[in-house]
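Working notes, structure below.
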Amino acid sequence: NAGVTQTPKFRILKIGQSMTLQCAQDMNHNYMYWYRQDPGMGLKLIYYSVGAGITDKGEVPNGYNVSRSTTEDFPLRLELAAPSQTSVYFCASSPGRATGELFFGEGSRLTVL
Amino acid sequence: GQQLNQSPQSMFIQEGEDVSMNCTSSSIFNTWLWYKQDPGEGPVLLIALYKAGELTSNGRLTAQFGITRKDSFLNISASIPSDVGIYVCAGAVRGSTLGRLYFGRGTQLTVWP
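Protein chains in written order, with our numbering: chain A, 334 to 446; chain B, 63 to 175.
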């Protein structure tokens, strides 16, 4: 069972570069989320989606964009990378009505130099 | 954003000992969840609680939803080496904006054989 798959696992970017973190889930979940986890801090919600074509901002959306063209995929786009975006990014999904029971990917560690 | 405070920040115990940790919030939650995060992995759901006063077990793990709805507790009985990891609490207000799940910083558990 693949569950939630994130790519890449590691990436180093230069300041000002752009990139897309990919997230795919094979559980037919409607709800998908992107979180970032900074050292010693709790997960912070960046963006979320309740279904294909519907996205909304979370707690820390600045500097990021998302799209949801299919149920399976929820890519996160970083434009003009900044050192403050150095973090571990987690994609998650949940079935049906959002209950907090999230299934997480393994994470993508991004360093911006 | 909401602040969830977990204590203790870290614990060092001997195999076979029982463990207790807690999570408090400045706000009332309708849902409390406990996740475990291993190094280099995403969090995995352990227990979900949906009702004040609820006590739920998952094997050697028992979690309680505090009566005030501002706290939750997790106990691990007869700890074993594979219990090592970071235990993360999360809270949500059901019926509010979807995706608004707030996470604590985690309790790092080390188990000595």
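Glycine included, C-beta positions come from ideal geometry on N, C-alpha and C.
Computed from a predicted structure; not experimentally measured.
For Asp133(B), report the span of its beta strand (DSSP E) as first-last.
Per DSSP, Asp133(B) belongs to the beta strand (DSSP E) from Asp133 to Ile138.
Relative to the C-alpha of Tyr366(A), which residue among Ile345(A), Ala357(A) and Gly373(A) is closest?
Of the listed residues, the one whose Cα sits closest to Tyr366(A) is Ala357(A).
Contact check, Leu378(A) vs Phe423(A) under 8 Å by CB: the rounded distance?
No, Leu378(A) and Phe423(A) are not in contact; Cβ-Cβ is about 10 Å, not under 8 Å.
Quick one, which residues of the region 96-120 of chain B are near chain A if we go by CB-CB under 9 Å, in chain order?
The region 96-120 of chain B vs chain A, Cβ under 9 Å: Tyr97, Gln99, Gly102, Glu103, Gly104, Pro105, Val106, Leu107, Ala110 and Tyr112.
Thinking C-alpha only, which one of Gly153(B), Val146(B) and Arg162(B) is nearest Thr169(B)?
Val146(B)
Does the beta carbon of Leu354(A) come closer than 7 Å to any beta carbon on chain B?
So no, Leu354(A) is outside the interface.
Based on the DSSP secondary-structure assignment, which residues constitute the bridge partners of Met83(B)?
Leu136(B)
With 16 other CB atoms within 10 Å as the buried threshold, where does Trp177(B) fall?
Since the first and last residues shown for chain B are 63 and 175, residue 177(B) lies out of range.
For a test of the three-state rule: what should DSSP assign to Gln126(B), helix, strand or coil?
Looking at Gln126(B) - three-state DSSP - the assignment turns out to be strand.
Checking contacts by CB at 7 Å: is Gly440(A) closer than that to chain B?
Gly440(A) counts as touching chain B.
To the nearest angstrom, report how far apart Pro143(B) and Gly438(A) are at their CA atoms.
24 Å
Ser88(B): buried (16+ other C-beta within 10 angstroms of its C-beta) or exposed?
Burial call: exposed.
With a threshold of 7 Å between beta-carbons, can Gly433(A) be considered close to chain B, or not?
yes
Go to Gln358(A), then tell me how far its beta strand (DSSP E) extends in each direction, as first and last residue.
Met352 to Gln358
Counting beta carbon pairs with one atom in the region 339-352 of chain A and one in the region 407-416 of chain A, are three or more of them shorter than 8 Å?
yes
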